[in-house]
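**Student:** After the structure tokens below, expect a handful of questions from me.
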Amino acid sequence: MLRLSKLAMVCWGTAAMLAFSGASFAGDAPVTANITNGKNIFQNGKPDGSVPACSSCHGEKAMGNDDMGTPRLANIGYVYVVKQLTNFAEDKRTPQGLGAVMNGFAKSLSEQDKRDISAYVNSLPRPNKSDLSDLAALKAGGQPVGEAYKGKILVRYGSKVSACQTCHGFDGRGADPVYPKIGQQKFVYLTNQLRNWRDGSRANDPLGQMRAIAKNLTDDDINNAATYLSQAEDSTPGDGMEIDNQMVMKNVKITK
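Right, dumping it as structure tokens:
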């Protein structure tokens, strides 16, 4: 019964997130995403001025910014990005701090705009090491940074909580379409979101999964997991497999 219950939960989550994105199931006509429009909005904003360039906060490569607390958007999963933009527009997710502007911006995006932007950021090349969080600089600036080896235990094996990779894939590389890539996500964003899940200020996780996990994490646990994940490789020699988080994109008709 437990195994069936877990399968049902995953199937429910998959269907819900595909519905958010407008992505089609096998046999359905594919939805369309215009990469050029997505790129234009990301780099220049909406022509009417209602939405500024996404790159002004998320960076030219969509790799996020630790100083601003903004997340990496590149290659983390098409469905996930569409879902977050939809949740912002519907006020189902209300970020704190600088992120509070996202609700207003998302309301000014059409459904097609959301798909176009999401397709564009998930078409970008893989990052270089120099694009990842600079933990030494963060520590020098007074930001508490964790211990990677302890974070690795949480990510791969868990302890008082399930291992992160149970849902998010090996070292957080993503499990398209339901679970986003959290490996190589920005350190500050990871710590902020885990604390938000823990205190309930973020509550748009399917079935409350992240809130249930985060409530059992200490500040040290959060810093350790984020330290490891922010630098995690997509694969290792022993693992030998790279996930591109493009499964859903195969059912999206890309136009330019």
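In short: position in the sequence shown from 1, add 64, done, that's the numbering used here.
Ideal Cβ placement from N, Cα and C applies to all residues, glycine included.
Would you mind stating whether residue 22 and residue 245 have Cβ atoms separated by less than 8 Å?
**Tutor:** No statement about residue 22 is possible, as the shown extent of the chain runs from 65 to 320 and does not include it.
**Student:** What distance in whole Å lies between the Cβ atoms of residue 280 and residue 208, which are believed to be in contact at a cut-off of 8 Å?
**Tutor:** Here residue 208 corresponds to residue number 144 of the sequence shown, with the count starting at 1. Here residue 280 corresponds to residue number 216 of the sequence shown, with the count starting at 1. That belief does not hold up - the Cβ atoms of residue 208 and residue 280 are roughly 19 Å apart, past 8 Å.
**Student:** Report, in whole angstroms, the separation of the C-beta atoms of residue 242 and residue 182, which I expect to be a contact under 8 Å.
**Tutor:** If you number the sequence shown from 1, residue 242 lands on position 178. If you number the sequence shown from 1, residue 182 lands on position 118. Actually they do not touch by this definition, with Cβ atoms about 15 Å apart.
**Student:** Can you list the alpha helix (DSSP H) stretches of 4 or more residues lying completely in the stretch 262-286, in chain order?
**Tutor:** Correct list: 273-278.
**Student:** Can you have a look at residue 135 and say buried or exposed, based on whether 16 or more other CB atoms are within 10 angstroms of its CB?
**Tutor:** In the sequence shown, the residue the question calls residue 135 occupies position 71. So residue 135 ends up on the buried side.
**Student:** Just the Cα atoms here: how many angstroms apart are residue 292 and residue 213?
**Tutor:** To locate residue 292, count along the sequence shown from 1; it is residue 228. To locate residue 213, count along the sequence shown from 1; it is residue 149. Cα to Cα, residue 292 sits roughly 7 Å from residue 213.
**Student:** My output table needs one value for residue 246: the three-state DSSP class, helix, strand or coil.
**Tutor:** As a working mapping, residue 246 is identified with position 182 in the sequence shown. Three-state result, residue 246: coil.
**Student:** Would you check if the distance between the CB atom of residue 253 and the CB atom of residue 113 is smaller than 8 Å?
**Tutor:** If you number the sequence shown from 1, residue 253 lands on position 189. If you number the sequence shown from 1, residue 113 lands on position 49. Contact flag unset, no.
**Student:** Would you mind reading off the limits of the alpha helix (DSSP H) that contains residue 150?
**Tutor:** Along the sequence shown, read from residue 1 onward, the residue named residue 150 stands at position 86. Residues 142-153.
**Student:** DSSP three-state label for residue 110, please.
**Tutor:** The count along the sequence shown starts at 1 and reaches residue 110 at position 46. Residue 110 falls in the coil class under three-state DSSP.
**Student:** What does residue 98 pair with, by DSSP beta-bridge criteria?
**Tutor:** Taking the sequence shown and counting its residues from 1, one reaches residue 98 at position 34. Answer by DSSP bridge pairing, in chain order: 319.
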